[in-house]
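Presented below is the structure to which this report refers.
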């Protein structure tokens, strides 16, 4: 219920101003939140939708925030019609051997119609931290509304992970 | 200026007339999967938390989807049941309960992935895209995925909102959704 309310608040800003509201991070309450273990090697998994989040900008901003903290980063991406993410991640996990995975998904995308098609698009993203191969998130957040070339997501998530003892 | 505007309007109408309001996008099927869809639980989650209650009126109602499935899938020998995730608070429990009572072979999930808003003071959803995925319950894995696009008024000529964003029926959308799903599933050897 709380999560629903928080997302509605974010969404309200999105719907009323279509992106002018500042993005906000909301923590998703999980049934169990085990004690934090330091992240040493992080596989970041980006969404497939380029129209919602620029993969290059997102990857670079996360790397520039995490590498100075001594965290090795590798970037992977969902495919457009992903069937099994676990299968797609197997090679990355075998080669890179991450201690954790950070998965970013688009929770919703709103386009604002202009005279010529979709002129403005804002999204809310769902960010979830897992251990190397786990299926249950250790921590989860929603963040938005953000534009496609957003540069604030990485800093906000990194600060939150620092606060929670992962960095 | 007026002439240019009129030409632009006429071009839009012409363009809209040529484009189907609802159509299937690309699909992805697990190549090893050989079963057909015969007994399927259709789980719908059209509403979005990013929209107001009134804006959510743009989506197909469960009764409209049921009417379309009765007309189009029952003659094909497909047994189905619809579970409306928009009407429950605990989706996981609703799914578990429906699977237990209906005992489907597969679950076909439909959820709205993105939508386009139009309007100034009264903002309404115009076009939207639905993500569709088929999960086999025995194999415990997603075996097929596709998208269905509900094109905007400008692209298709279909209105999905009444005056001041009020609700109107969406039976045509429901019929064309089932047609698009049937075509995509058939094309991938699942029907």
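Chains as they are written, first to last, in the numbering used here: chain L, 1 to 167; chain P, 1001 to 1191.
Idealized CB from N, CA, C, for every residue including glycine.
So which of the options has the shortest CA-CA distance to residue i?
| i | options | result |
| --- | --- | --- |
| residue 1109 of chain P | P:1190, P:1046, P:1077, P:1122 | P:1046 |
| residue 149 of chain L | L:89, L:57, L:68, L:35 | L:57 |
| residue 50 of chain L | L:87, L:166, L:27, L:147 | L:147 |
| residue 1027 of chain P | L:21, L:111, L:81, L:152 | L:81 |
| residue 106 of chain L | L:73, L:123, L:112, L:38 | L:123 |
| residue 97 of chain L | L:161, L:30, L:167, L:41 | L:41 |
| residue 22 of chain L | L:165, L:164, L:156, L:167 | L:156 |
| residue 84 of chain L | P:1175, P:1139, P:1062 | P:1139 |
| residue 1127 of chain P | L:125, L:129, L:135, L:112 | L:112 |
| residue 32 of chain L | L:38, L:152, L:130, L:121 | L:130 |
| residue 1154 of chain P | P:1175, P:1116, P:1091 | P:1116 |
| residue 1103 of chain P | P:1136, P:1169, P:1131 | P:1136 |
| residue 53 of chain L | L:95, L:27, L:120 | L:120 |
| residue 1111 of chain P | P:1150, P:1080, P:1034, P:1077 | P:1150 |
| residue 102 of chain L | L:66, L:144, L:145, L:24 | L:66 |
| residue 1085 of chain P | P:1097, P:1074, P:1076, P:1078 | P:1097 |
| residue 1172 of chain P | P:1071, P:1133, P:1082 | P:1071 |
| residue 1181 of chain P | P:1167, P:1065, P:1054 | P:1065 |
| residue 1053 of chain P | P:1167, P:1081, P:1190, P:1183 | P:1167 |
| residue 88 of chain L | L:141, L:133, L:163 | L:133 |
| residue 1123 of chain P | L:126, L:163, L:128, L:110 | L:110 |
| residue 1107 of chain P | P:1129, P:1092, P:1031 | P:1092 |
| residue 1165 of chain P | P:1118, P:1146, P:1040 | P:1118 |
| residue 55 of chain L | L:153, L:141, L:39, L:27 | L:153 |
Give the residues of chain L in contact with residue i, contact being defined as C-beta atoms less than 9 Å apart.
| i | result |
| --- | --- |
| residue 1028 of chain P | 79, 80, 81, 82, 83 |
| residue 1115 of chain P | 108, 109, 110, 111 |
| residue 995 of chain P | With chain P represented from 1001 up to 1191, any question about residue 995 of chain P goes unanswered, as that position is not in the structure. |
Just confirm the distance between the C-beta atoms of residue i and residue j, as a whole number of angstroms; I'd bet it's less than 8 Å.
| i | j | result |
| --- | --- | --- |
| residue 92 of chain L | residue 70 of chain L | Their Cβ separation, rounded to whole angstroms, is 20 Å, which puts residue 92 of chain L and residue 70 of chain L out of contact at 8 Å. |
| residue 46 of chain L | residue 59 of chain L | 7 Å |
| residue 79 of chain L | residue 29 of chain L | Residue 79 of chain L to residue 29 of chain L, Cβ: 30 Å. No contact. |
| residue 1179 of chain P | residue 1144 of chain P | In fact, because the Cβ distance is near 17 Å, the residues do not count as touching under 8 Å. |
| residue 1021 of chain P | residue 1156 of chain P | 4 Å |
| residue 36 of chain L | residue 166 of chain L | 5 Å |
| residue 1048 of chain P | residue 1177 of chain P | The Cβ separation is near 17 Å, so there is no contact. |
| residue 1040 of chain P | residue 1080 of chain P | 5 Å |
If we ignore side chains and look at the alpha-carbon of each, how far apart do residue i and residue j end up?
| i | j | result |
| --- | --- | --- |
| residue 64 of chain L | residue 1141 of chain P | 36 Å |
| residue 1043 of chain P | residue 62 of chain L | 36 Å |
| residue 1100 of chain P | residue 1088 of chain P | 17 Å |
| residue 116 of chain L | residue 139 of chain L | Confidence at residue 116 of chain L is low in this model, with a pLDDT of 48, below 50, so its placement is unreliable and the value that follows should be read with caution. When rounded, the distance between both Cα atoms is 40 Å. |
| residue 34 of chain L | residue 161 of chain L | 14 Å |
| residue 1169 of chain P | residue 1125 of chain P | 15 Å |
| residue 1076 of chain P | residue 1024 of chain P | 20 Å |
| residue 73 of chain L | residue 1019 of chain P | 45 Å |
| residue 136 of chain L | residue 1051 of chain P | 28 Å |
| residue 1063 of chain P | residue 108 of chain L | 25 Å |
| residue 25 of chain L | residue 1036 of chain P | 43 Å |
| residue 1134 of chain P | residue 68 of chain L | 43 Å |
| residue 1082 of chain P | residue 1190 of chain P | 19 Å |
| residue 1095 of chain P | residue 1105 of chain P | 13 Å |
| residue 1078 of chain P | residue 128 of chain L | 37 Å |
| residue 222 of chain L | residue 1029 of chain P | What the structure shows of chain L is the stretch from 1 to 167, and residue 222 of chain L is not part of that stretch, so it cannot be assessed. |
| residue 125 of chain L | residue 1152 of chain P | 24 Å |
| residue 151 of chain L | residue 1184 of chain P | 38 Å |
So is the beta-carbon of residue i under 7 Å away from any non-hydrogen atom of the ligand GTP?
| i | result |
| --- | --- |
| residue 127 of chain L | Inclusion of the ligand GTP in the displayed structure is not the case, the ligand content being empty and no account of it being possible. |
Could you work out which residues of chain L lie near residue i, taking near to mean beta carbons separated by less than 7 Å?
| i | result |
| --- | --- |
| residue 1141 of chain P | 84 |
For residue i, go through chain P and note every residue whose CB falls closer than 7 Å to its CB, in chain order.
| i | result |
| --- | --- |
| residue 168 of chain L | Lying before the first or after the last residue shown, residue 168 of chain L is absent from chain L, which here runs from 1 to 167. |
Practice item. Would you check if there are 3 or more beta carbon pairs closer than 8 Å linking the segment 1047 to 1058 of chain P to the segment 1160 to 1167 of chain P? Key: Put simply, the segment 1047 to 1058 of chain P touches the segment 1160 to 1167 of chain P. At least three CB pairs are less than 8 Å apart.
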